[in-house]
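Top line first, the protein sequences correspond to chains S and A. First residue of the first sequence? That's 1 in my numbering, and the numbers climb one at a time after it. First residue of the second sequence? That's 1001 in my numbering, and the numbers climb one at a time after it. Even for Gly, the Cβ is constructed at its ideal location relative to N, Cα and C.
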Amino acid sequence: AQSVTQLGSHVSVSEGALVLLRCNYSSSVPPYLFWYVQYPNQGLQLLLKYTSAATLVKGINGFEAEFKKSETSFHLTKPSAHMSDAAEYFCAVRTAGGAQKLVFGQGTRLTINP
Amino acid sequence: KAGVTQTPRYLIKTRGQQVTLSCSPISGHRSVSWYQQTPGQGLQFLFEYFSETQRNKGNFPGRFSGRQFSNSRSEMNVSTLELGDSALYLCASSLEGTGRRYEQYFGPGTRLTVT
């Protein structure tokens, strides 16, 4: 069974600083990995996805993530935080093939300090 | 192209009642999945429908059910509501096809409050 662990339920950074949100996955078969962002009172928006192509994945809003099989990690980064990045971020995994079923981490709330 | 729409956005029900939530996927998307989001349990998969058939189901009691229509629109129903059913219910649609199959696009959700 797949699972996802997000380290840190709350991360706070200063505007302009590096954003690093951690995600580790567990999967017995090659995974597909995703990062979603949720703004208050909204649904989830897809930031980026890893589907076994390039290990460094670039997404929207300047975010990127690197798939590291040896570390079973898929951490999300952004070089310079912006106030508009304040939101909750979810890492998710699903197996290649099979029905659509995402398994989500517990989420990380990102706060940006001016 | 319009995104995933969900109606209603907010709903207040009483314990013991039943409720039906609606989801219209992105045009051309044939797969619809439902998730429940609560502060305690996070995001949990309810079920997925494709071509009017339930393809996968999460670990929820039989009070939770759904269906999909020929135009890919989906509804989910919760019968005999309990206080613990209070949650944000999210619908997601996906385009079947190579390379894009695994992207799910989410609607804004329906906030259900059970009193």
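Between F1047 of chain A and the set A:G1040, A:W1034 and A:T1053, the nearest pair of CA atoms involves A:W1034. Sequence-distant Cβ neighbours of F74 of chain S in its own chain, meaning closer than 7 angstroms and more than five residues away, are C23, Y25, L33, Y50, A65, F67 and C91. Between V93 of chain S and S3 of chain S, the C-beta gap is smaller than 9 angstroms, which places the two residues in contact. Sequence-distant partners of N1077 of chain A (beyond 5 residues in either direction) whose C-beta falls short of 6 angstroms from its own C-beta, in its chain, are T1020 and S1065. In the DSSP assignment, N1071 of chain A is bridged to no other residue. Here L21 of chain S really is in contact with V11 of chain S; their C-beta atoms are around 6 angstroms apart, less than 8 angstroms. In the same chain as Q1037 of chain A, and ignoring 5 residues on each side of it, the C-beta atoms closer than 8 angstroms to its own belong to L1043, Q1044, A1087, L1088, Y1089, L1090 and G1109, in chain order. If you ignore the 5 residues before and after E1103 of chain A, its C-beta comes within less than 8 angstroms of the C-beta of S1094 and L1095, all in its own chain and listed in chain order.
Taking the Cα positions, T77 of chain S is about 34 angstroms away from F1060 of chain A.
Within chain A, the C-beta atoms nearer than 7 angstroms to that of F90 of chain S come from L1043, in chain order. A straight line joining the alpha-carbon of T55 of chain S with that of A1002 of chain A spans about 31 angstroms. Collapsing the DSSP output to three states places N1059 of chain A in coil.
Neighbours of F104 of chain S in chain A, taken as residues at a C-beta separation under 7 angstroms, are given in chain order as G1042 and L1043. The beta carbon of N41 of chain S sits closer than 9 angstroms to some beta carbon of chain A. Judged by pairs of C-beta atoms under 8 angstroms, the region 1047-1057 of chain A does not touch the region 1002-1012 of chain A, as fewer than three such pairs exist.
Annotated three-state conformation of N61 of chain S is helix, per DSSP. Burial state of K101 of chain S is buried, judged by a 10 Å Cβ sphere holding 16 or more other Cβ atoms. For Y1010 of chain A, the CB contacts under 6 angstroms within the same chain, skipping 5 residues up- and downstream, are R1111 in chain order. Residues of the same chain with a CB within less than 7 angstroms of the CB of L46 of chain S, apart from the 5 flanking positions on each side, are F34 and Y36 in chain order. Approximately 7 angstroms separates the beta-carbon atoms of T1080 of chain A and Q1018 of chain A; this is inside 8 angstroms, confirming the contact.
From the listed residues A:G1107, A:D1085, A:P1039 and A:Y1049, the smallest Cα separation to R109 of chain S is found for A:P1039. By the criterion of a C-beta distance shorter than 6 angstroms, G59 of chain S is surrounded in its chain by L47 and L48, once the five residues flanking it on both sides are discounted. R1101, Y1102, E1103, Q1104, Y1105, F1106, G1107, P1108, G1109 and R1111: these are the residues of the region 1101-1114 of chain A whose beta carbon lies less than 9 angstroms from some beta carbon of chain S, given in chain order.
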